[in-house]
Amino acid sequence: MVRDDWRAAMAAGAELSEERLLALGHAVEDLAREVAAAERG
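For the sequence shown, the positions run 0 to 40 when numbering that gives the first Met the number 0 is used.
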(Lines of atoms letter the chains of each structure in order from A; the text may use other names.)
(Lines give C-alpha, C1' and ligand atoms only; values in the text may rest on other atoms or scores of the structure.)
Protein backbone atom coordinates (compact mmCIF):
# COMPACT_ATOMS: atom_id res chain seq x y z
CA MET A 0 0.00 0.00 0.00
CA VAL A 1 0.99 3.63 0.34
CA ARG A 2 3.23 2.99 3.33
CA ASP A 3 5.13 0.29 1.46
CA ASP A 4 5.48 2.56 -1.58
CA TRP A 5 6.83 5.33 0.66
CA ARG A 6 9.37 3.02 2.29
CA ALA A 7 10.48 1.63 -1.07
CA ALA A 8 10.91 5.13 -2.47
CA MET A 9 12.90 6.29 0.54
CA ALA A 10 15.07 3.16 0.50
CA ALA A 11 15.86 3.78 -3.16
CA GLY A 12 16.58 7.45 -2.45
CA ALA A 13 13.96 8.35 -5.03
CA GLU A 14 12.24 11.69 -5.10
CA LEU A 15 8.48 11.43 -5.02
CA SER A 16 6.68 13.19 -7.81
CA GLU A 17 4.06 15.83 -7.08
CA GLU A 18 1.41 13.35 -8.22
CA ARG A 19 2.63 10.70 -5.77
CA LEU A 20 2.80 13.23 -2.93
CA LEU A 21 -0.77 14.31 -3.71
CA ALA A 22 -1.93 10.68 -3.65
CA LEU A 23 -0.12 10.15 -0.34
CA GLY A 24 -1.81 13.25 1.07
CA HIS A 25 -5.23 11.95 0.03
CA ALA A 26 -4.48 8.58 1.64
CA VAL A 27 -3.52 10.33 4.90
CA GLU A 28 -6.75 12.37 4.81
CA ASP A 29 -8.80 9.21 4.23
CA LEU A 30 -7.04 7.48 7.14
CA ALA A 31 -7.66 10.48 9.41
CA ARG A 32 -11.38 10.37 8.55
CA GLU A 33 -11.52 6.63 9.29
CA VAL A 34 -9.78 7.13 12.65
CA ALA A 35 -12.13 9.99 13.57
CA ALA A 36 -15.16 7.87 12.64
CA ALA A 37 -13.86 4.94 14.70
CA GLU A 38 -13.27 7.20 17.71
CA ARG A 39 -16.86 8.47 17.48
CA GLY A 40 -18.05 4.88 17.35
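We put the beta carbon where it would ideally sit given N, CA and C, even for glycine.
Query: C-beta contact flag for W5 and L30 at 8 Å; Result: no
Query: DSSP state of G24 mapped onto helix, strand, coil; Result: helix
Query: Rounded C-alpha distance that separates V34 from H25; Result: 14 Å
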